[in-house]
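Residue numbers (full-length UniProt numbering): 1 to 745.
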Amino acid sequence: EEFRMSKPNNFDTQSTFCVLCGRTDDCPEKYGEKKTYVGYNLTVHYYCLLMSSGIWQRGEEDEGVYGFLITDIRKEVNRAAKLTCNICKKRGASIGCVAPKCKRSYHFPCGIQRECIFQFMEDFRSYCWEHKPVQTLMDKESGGASQCTICLDLVDHLPAYTVLKGPCCKNAWFHRECLQYQALSAGIFFFRCTVCNNKDKFQKEMLRMGIYIPERDASWELEENAYQDLLQCYQHCDVKRCLCKEGRDYNEPDSKWEIKRCQCCGSRGTHLACSCMKSWEENWECLECRSIFAKSGKYSKQRKRSWATSENTNGTTCLLEEPSPKSPRQSSGSQRNFLLQSPKIMSQNNLSPCSHLECPASNRVTMSLSPLMSNRNWSLRQKHLKKRRREVCNILKELKVQVNTKTTRLNINTENIWNSALKGFRQRNFNPTNTIEISFTNCKNRSKTDTSAASRHQFFQLLMLHLQNSSLFEGSSAKNLSLDFQAVKENLYFEAGKMIAVSLVHGGPSPGFFSKTLFSCLVYGPENVKPTLEDVADVDVAQTIKMIKYANSLSGLQSTIHDCYEFLAAAGCLRPITALCDKNMLVNDILFHHVIKRIISPLESFRQGLKTLGVLEKIQMHPVAFSSILCHKPERLSAETICELFTIHSSVCENKGVDFWMGYLQDVESGESVVTLEDILLFVTGVSSIPSIGFDPEPTIKFLRIRYPVGNRLLNCLELPITKTYEQFKKKMELTIRNTLKAER
Numbered sequence: 001e002e003f004r005m006s007k008p009n010n011f012d013t014q015s016t017f018c019v020l021c022g023r024t025d026d027c028p029e030k031y032g033e034k035k036t037y038v039g040y041n042l043t044v045h046y047y048c049l050l051m052s053s054g055i056w057q058r059g060e061e062d063e064g065v066y067g068f069l070i071t072d073i074r075k076e077v078n079r080a081a082k083l084t085c086n087i088c089k090k091r092g093a094s095i096g097c098v099a100p101k102c103k104r105s106y107h108f109p110c111g112i113q114r115e116c117i118f119q120f121m122e123d124f125r126s127y128c129w130e131h132k133p134v135q136t137l138m139d140k141e142s143g144g145a146s147q148c149t150i151c152l153d154l155v156d157h158l159p160a161y162t163v164l165k166g167p168c169c170k171n172a173w174f175h176r177e178c179l180q181y182q183a184l185s186a187g188i189f190f191f192r193c194t195v196c197n198n199k200d201k202f203q204k205e206m207l208r209m210g211i212y213i214p215e216r217d218a219s220w221e222l223e224e225n226a227y228q229d230l231l232q233c234y235q236h237c238d239v240k241r242c243l244c245k246e247g248r249d250y251n252e253p254d255s256k257w258e259i260k261r262c263q264c265c266g267s268r269g270t271h272l273a274c275s276c277m278k279s280w281e282e283n284w285e286c287l288e289c290r291s292i293f294a295k296s297g298k299y300s301k302q303r304k305r306s307w308a309t310s311e312n313t314n315g316t317t318c319l320l321e322e323p324s325p326k327s328p329r330q331s332s333g334s335q336r337n338f339l340l341q342s343p344k345i346m347s348q349n350n351l352s353p354c355s356h357l358e359c360p361a362s363n364r365v366t367m368s369l370s371p372l373m374s375n376r377n378w379s380l381r382q383k384h385l386k387k388r389r390r391e392v393c394n395i396l397k398e399l400k401v402q403v404n405t406k407t408t409r410l411n412i413n414t415e416n417i418w419n420s421a422l423k424g425f426r427q428r429n430f431n432p433t434n435t436i437e438i439s440f441t442n443c444k445n446r447s448k449t450d451t452s453a454a455s456r457h458q459f460f461q462l463l464m465l466h467l468q469n470s471s472l473f474e475g476s477s478a479k480n481l482s483l484d485f486q487a488v489k490e491n492l493y494f495e496a497g498k499m500i501a502v503s504l505v506h507g508g509p510s511p512g513f514f515s516k517t518l519f520s521c522l523v524y525g526p527e528n529v530k531p532t533l534e535d536v537a538d539v540d541v542a543q544t545i546k547m548i549k550y551a552n553s554l555s556g557l558q559s560t561i562h563d564c565y566e567f568l569a570a571a572g573c574l575r576p577i578t579a580l581c582d583k584n585m586l587v588n589d590i591l592f593h594h595v596i597k598r599i600i601s602p603l604e605s606f607r608q609g610l611k612t613l614g615v616l617e618k619i620q621m622h623p624v625a626f627s628s629i630l631c632h633k634p635e636r637l638s639a640e641t642i643c644e645l646f647t648i649h650s651s652v653c654e655n656k657g658v659d660f661w662m663g664y665l666q667d668v669e670s671g672e673s674v675v676t677l678e679d680i681l682l683f684v685t686g687v688s689s690i691p692s693i694g695f696d697p698e699p700t701i702k703f704l705r706i707r708y709p710v711g712n713r714l715l716n717c718l719e720l721p722i723t724k725t726y727e728q729f730k731k732k733m734e735l736t737i738r739n740t741l742k743a744e745r
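Spelled out as structure tokens, the structure:
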């Protein structure tokens, strides 16, 4: 790991000699970062320090040089001064070949020149030119040439030091220099095969062959304000006659001189006053967009009449200067300010006298119901969360394409959910690509079979709850894998991973209880994860670690180690303690052993299970998105979420009905109703939470001439009655939903 220096003194990177190799070269790509510390009278290359055979990092991140103590560096310089380099014949050769009986020593730059291999992993081994590892190639792979996918130049298919072959692809050949530049730029999180995107196998082979992969984020992620240009909004008034004395680029928020962008393209703008708009919430389209709509004939006669309030209606210039029409937002029966986003409205112009609800291209139009809740007032966090959920939803829908119409029946006993689920998943004819049919065998002493998404969701919901509280996991809310030898013997960790993968793709809930450490192990590999004290669920082990971590004297530390000698010996964490700072390395060793190394076998089985239907691969490709559903429970439903979820189909122009629906959601959210938002979702879809993959079909609403609401769970459709007053609407909703769910329970 690259550590920051403890002394940011003035330094010169050009004219000083490295104390280990004796060179003044400053080439970070070849020798690592070169720094001179005036306070220590010391200059060193990072790779020279890292690969030296007689030194290791014994300090904290902010101690010495990159965690190497100054006294240790001076001892290593003195040791190397007695050794002669077998390449340049000069003294100071601090690196030795680790091959048995090989006594060759050399400087790091000399080793690079002679094509030695330096492995930047584990024990940081070095191999001389005679004993270095080589890639084994089949006879048919040798000879010929192909294009290096990094620099796009030709690379010969030869077993040479300057050429490396990808371990995961048949035709992936690279220049060593290209791979090293790529690794330095991408870092450990983004360095992958450029052909197949494989990460684990590719990185392992590249490290073995001497490619240095820094443990940091990619260079493009570290650049300050790298994406600043994407955050800039268009700020220019484009109307034919701008009335602002300050000019077309003047923008004063919350005034008539605030610039409003075109709601269709966003690449044109106008001052509110220049287009006769009274508030920012009014919609506005630019000349180009309105011209396109006008030529396509999508504007209805009713909409044109609504523009006729402007005395000039015979030219497109008028369309640009006047504000867009707005639909009514409140009815007489609902005097309230809606704090919700617009619902999705579907209308049919052949049935509706109010064609201004018609959407030009697809009969869909977004209707603004809330001046208080607009896009510009959304927090950045909400946008990110919605974007991640949407991304996960789309990814899971791609995976669901694998699922066919052939059914596999699972007989489930809800009182013994784990054993019945395990039996079903292990039956011979079980195939995760088949549609799952659920048969609840303990439902009122008779079998109840259901192929609906609601039953599958209920089954997976019970299963995820059982897994969360099972012996396979440990921890409070954020859980890691535990070590259950019987479960290992019965391969239950594999089955658990398989069940989670199937749940995600088949419309079940996400687990939501993974710890960040467990998630990182799945995505980046256990060797690249650093656990913390919060990951330790065993109270006794946690107490032992705390006693070592917070020891304030060397004698106290040694006494604590003596008391837990057997535990440390069994964990393989015994190390010589000569200074108080050694406790930090010891704590890290214990944490890594207890949280990760101890459960390597269960973790690998769990990973194999998650590979079902390609889920693990997608998790590794989109870690940020999947962390939102695997490490976090879904947020509680809100009126805004329900509003966005349903698409409204309107066979008659019933704006009051839409207003009543929105007002009712607001009442439910604020606790002014006997039902909850979860009850509404359960009434319509049969489930009380939104699956990560979303609903199929998407939930819809219809306003019909019926007496009471109807929840059609097969179509995820809510049929609502048309009422004269809001009080009638609310009374019918509460009576129907409450009685229906009560009868089901």
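Ideal placement from N, C-alpha and C gives every residue a C-beta, glycine not left out.
This structure is a prediction, so every number in the text was calculated from the model and none was measured.
Beta carbon of Phe-683, beta carbon of Leu-718: below 9 angstroms? The answer is yes: Cβ separation under 9 angstroms.
Going by the CB atoms, is the gap between Asp-563 and Cys-573 shorter than 9 angstroms? The answer is no: Cβ separation not under 9 angstroms.
Spatial neighbours of Lys-730 within its chain, please: CB distance less than 6 angstroms, with the 5 preceding and 5 following residues excluded, ordered by chain position. Taken in chain order, the residues that qualify are Tyr-664.
Let me check understanding here. Comparing Cα to Cα, which of Gln-263, Glu-635, Arg-268 and Ser-520 lies closest to Glu-282? Taking only the C-alpha atoms, the option nearest Glu-282 is Gln-263.
How would you label Gly-507, buried or exposed, when you count the other beta carbons within 10 angstroms and need 16 or more for buried? By the neighbour-count criterion, in which a residue is buried when 16 or more other Cβ atoms sit within 10 angstroms of its Cβ, Gly-507 is buried.
Am I right that Met-464 and Pro-509 are in contact with their C-beta atoms under 8 angstroms? What's the rounded C-beta distance? Rounded, the Cβ-Cβ distance is 6 angstroms, consistent with contact.
For Ile-600, collect the residues of the same chain with a Cβ closer than 7 angstroms to its Cβ; drop the 5 residues on either side in sequence, then sort them by chain order. Within the same chain, Ile-600 has close Cβ partners Pro-526.
Using only the alpha-carbon positions, how far apart do Ile-436 and Val-502 sit? Looking at the two C-alpha atoms, the distance is approximately 10 angstroms.
Status (buried if at least 16 other CB within 10 Å, exposed otherwise) for Pro-691: Counting other Cβ atoms within 10 Å of its Cβ, Pro-691 reaches 16 or more and is therefore classed as buried.
CA-to-CA distance, Lys-597 to Lys-489, given in whole angstroms: It is roughly 18 angstroms from the alpha-carbon of Lys-489 to the alpha-carbon of Lys-597.
C-beta contact flag for residue 754 and Val-675 at 9 angstroms: The structure shown does not extend to residue 754, since the chain is modelled only from 1 through 745, so no value can be given for it.
Within 10 angstroms of the Cβ of Ser-420, are there 16 or more other Cβ atoms? Answer buried if so, exposed if not. In this structure Ser-420 is buried. Its beta-carbon is surrounded by 16 or more other beta-carbon atoms within 10 angstroms.
Determine the burial state of Val-155: buried for a count of at least 16 other Cβ atoms within 10 Å of its Cβ, exposed for fewer. With 16 or more Cβ atoms within 10 Å of its Cβ, Val-155 is classed as buried.
With Val-624 and Arg-388 assumed to form a contact (beta carbons below 8 angstroms), what rounded beta-carbon distance in angstroms separates them? Confirmed, about 7 angstroms.
Have a look at Cys-127 and Lys-479 and give me their C-alpha separation to the nearest angstrom. The sequence as given places Tyr at residue 127; Cys does not occur at that position. Looking at the two C-alpha atoms, the distance is approximately 41 angstroms.
Integer-rounded CB distance, given that Gly-22 should sit under 8 angstroms from Gly-92: Correct: roughly 6 angstroms between the Cβ atoms.
If you draw a straight line from the alpha carbon of Glu-258 to that of Tyr-726, how long is it in whole angstroms? Just so you know, the alpha carbons of Glu-258 and Tyr-726 end up roughly 37 angstroms apart.
Taking only the alpha-carbon atoms, compute the straight-line gap between residue 796 and Trp-56 and give it to the nearest angstrom. No information on residue 796 is available, as it lies outside the stretch 1 to 745 that the chain covers here.
Within the same chain, show all residues whose beta-carbon is closer than 6 angstroms to that of Gln-620, passing over the 5 residues directly before and after it, in chain order. Closer than 6 angstroms at the Cβ level, and outside the excluded window around Gln-620, lie Val-523.
Where does Arg-74 fall in DSSP's three states? In the structure shown, the three-state DSSP call for Arg-74 is helix.
Alpha carbon of Val-539 to alpha carbon of Glu-474, nearest angstrom: Each residue's CA atom was taken as its position, placing Val-539 and Glu-474 some 12 angstroms apart.
Which residue marks the beginning of the beta strand (DSSP E) containing His-271, and which one marks its end? Note, His-271: beta strand (DSSP E), 269-271.
Segment limits, beta strand (DSSP E) that includes Asp-535: Element bounds for Asp-535: n/a, residue is neither H nor E.
Measuring straight from C-alpha to C-alpha, what distance separates Asn-491 and Ile-706? Within the model, the alpha-carbon separation for Asn-491 versus Ile-706 is close to 55 angstroms.
So what does DSSP say about Val-239, is it helix, strand or coil? If DSSP states are grouped into helix, strand and coil, Val-239 belongs with coil.
Are three or more beta carbon pairs between the segment 36-53 and the segment 73-90 nearer than 8 angstroms? The segment 36-53 makes contact with the segment 73-90; the number of CB pairs closer than 8 angstroms reaches 3 or more.
Take every Cβ of the segment 169-177, pair it with every Cβ of the segment 76-88, and state whether three or more of those distances are shorter than 8 angstroms. Verdict: no, contact absent.
With a threshold of 16 other CB atoms inside 10 Å of the CB of Tyr-234, please say whether the residue is buried or exposed. By the neighbour-count rule (16 or more Cβ atoms within 10 Å), Tyr-234 is not buried but exposed.
Bridge partner(s) assigned by DSSP for Ala-145: Paired residues: Asp-156.
For the alpha helix (DSSP H) containing Lys-498, name the first residue and the last one. Per DSSP, the unbroken alpha helix (DSSP H) holding Lys-498 starts and ends at 492-505.
Roughly how many whole angstroms lie between the Cα atoms of Asn-411 and Lys-498? About 18 angstroms.
Whole angstroms are fine: how far does the CA of Lys-400 sit from the CA of Arg-390? Approximately 15 angstroms between the Cα atoms of the pair.
Would you mind sorting Ser-515 into buried or exposed? The rule is 16 or more other CB atoms within 10 Å of its CB. Around the CB of Ser-515, 16 or more other CB atoms lie within 10 Å, so the residue is classed as buried.
Just how far apart, CA to CA, sit Leu-351 and Gly-657? Because the pLDDT at Leu-351 is just 39, under 50, the model does not fix this residue reliably, and the value given afterwards should be weighed accordingly. Here the C-alpha atom of Leu-351 lies approximately 16 angstroms from the C-alpha atom of Gly-657.
Along the alpha helix (DSSP H) that carries Leu-69, what are the first and last residues, could you check? Note, Leu-69: premise wrong, no alpha helix (DSSP H); not H, not E.
Quick check on this structure: which residue in Val-195, Gln-180, Asp-200 and Cys-196 has the alpha carbon closest to the alpha carbon of Phe-189? The alpha carbon of Phe-189 has as its nearest neighbour, out of Val-195, Gln-180, Asp-200 and Cys-196, the alpha carbon of Asp-200.
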